[in-house]
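*Asks:* Mapping of the sequence shown onto my numbering: residues 729 to 970, in sequence order.
Where a beta carbon is used, it is the ideal one built from N, C-alpha and C, also for glycine.
Because the structure is a prediction, the values reported are computed rather than measured.
Starting off with a structure, shown below.
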Amino acid sequence: MSSIQRQGTFTEELLAPRRASASPWLTWHSRSGERIELSARVFDNWVAKSANLLSDLFDLDEGSTVVIDLAPHWKSLVLALASLHHGATLVDAGHENAAQAALWITAEPNDEHIPGSSEILAVNPAALALSFGSDLGPVAEDFNASVRSYGDQFYPSAVSSSTTALASSTGSALTLNELFGSSVEAQGTILVRVQQPLLALLPYLIGQWTVGDAVVLVEDGVEVTERLREGERINFDYEPAC
């Protein structure tokens, strides 16, 4: 059997080796001054809770199309990997298949561009937000209010490595095998500025997490000072390809 036909639990294979680690996995710096540090164990717990929520509320399965209409952020990365736990296909809001998406994950649940046939998961990116807020809209589910009630463990079913993992409106697409199978060099703790859409950045992050690198994700507009670099022990700056 060729590798492209194999079955796997791809998000599980990424997270399981460092599930017990208390070392930093992802640290988020926002323009508002938030600094959120997630160890590998805590990040895995958030992914598991989110995957359980997606299963319970939306019945995602292999090949379900999910629009993830969020900027790079620790919550959007959690939800991207939780969706991939199910073998879902992630697309951006401009993709031709967005109109047929089973689920639309967004910070703007009342956006008129969301098709009426899609279910909606509303996400407030603020770290301490216990609910989305008063403008949730009539049909969206509230990620912030619901996610903490779900279990810290998720037991994925195997999915085909040839399933499309992500597809962007620019025309790029990757299978699960391609997304999780890249071979890269370890860099240490990596500074990543939010300069690309989530789906463009995700393959790089998965590749570096696979080899054990920690990521410091910095929102656009945050000044990267020497104090920040020293405090986070930055070894390498990621520069997106032009």
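DSSP state of Ile764, grouped into three classes?
*Replies:* If DSSP states are grouped into helix, strand and coil, Ile764 belongs with the strands.
*Asks:* In or out: His814 buried (at least 16 other Cβ within 10 Å) or exposed?
*Replies:* Per the 10 Å Cβ criterion, buried.
*Asks:* Going by C-alpha to C-alpha distance, which of Ile848, Thr793, Tyr878 and Gly822 sits closest to Leu864?
*Replies:* Closest option to Leu864, Cα to Cα, is Ile848.
*Asks:* I'd like to check one pair, Phe908 with Phe738: are the Cβ atoms closer than 9 Å?
*Replies:* In this structure, Phe908 lies closer than 9 Å to Phe738 by Cβ.
*Asks:* Leaving out five residues before and five after Gln881 in sequence, what residues of the same chain have Cβ atoms less than 8 Å from its Cβ?
*Replies:* For Gln881, where only same-chain residues beyond five positions count, the Cβ hits under 8 Å are Ala776.
*Asks:* Grab me the residues of Arg769's own chain with a C-beta within less than 7 Å of its C-beta, minus the 5 sequence neighbours each way, in chain order.
*Replies:* Once the five neighbours on either side are set aside, the close Cβ partners of Arg769 are Arg747, Ala748, Ser749 and Ala750.
*Asks:* Can you list, in chain order, the residues of its chain whose CB lies under 6 Å from that of Asn825, leaving out five sequence neighbours each side?
*Replies:* Thr793 and Val819, listed in sequence order.
*Asks:* Out of Gln828, Asn852 and Leu809, state which residue places its alpha-carbon closest to the alpha-carbon of His841.
*Replies:* Residue Gln828 is the option with its Cα nearest to His841.
*Asks:* Report the three-state DSSP secondary structure of Arg876 (helix, strand or coil).
*Replies:* Residue state, collapsed to three classes: helix.
*Asks:* Can you give, in chain order, each stretch of the alpha helix (DSSP H) that sits fully within the stretch 846-900 and has at least 4 residues?
*Replies:* Listed in chain order, they are 871-874.
*Asks:* Check for me: the alpha helix (DSSP H) holding Ile833 runs from which residue to which?
*Replies:* Unbroken run through Ile833 is the beta strand (DSSP E), Leu831 to Thr834; no alpha helix (DSSP H).
*Asks:* Any idea if Gln936 is buried or exposed, counting beta-carbon neighbours within 10 angstroms, 16 or more meaning buried?
*Replies:* Its Cβ being crowded by 16 or more others within 10 Å, Gln936 is buried.
*Asks:* Tell me the DSSP secondary structure of Val757 in three-state form.
*Replies:* Per the sequence presented here, residue 757 reads as His, with Val not at that position. In this structure, His757 counts as strand in the three-state DSSP scheme.
*Asks:* Going by the DSSP bridge assignment, what does Leu818 pair with across the sheet?
*Replies:* Its beta-bridge partners are Val794 and Leu894.
*Asks:* Determine the closest residue to Leu930 out of Ser896, Asp839 and Leu858, with distance taken between C-alpha atoms.
*Replies:* Selected option, being the one with the closest Cα: Ser896.
*Asks:* Out of curiosity, what's the CA-to-CA distance linking Ser911 and Leu788?
*Replies:* Straight-line Cα distance between these residues: approximately 29 Å.
*Asks:* Quick one: what does DSSP say Gly736 is sitting in, helix, strand or coil?
*Replies:* Reduced to three states, the DSSP call for Gly736 is strand.
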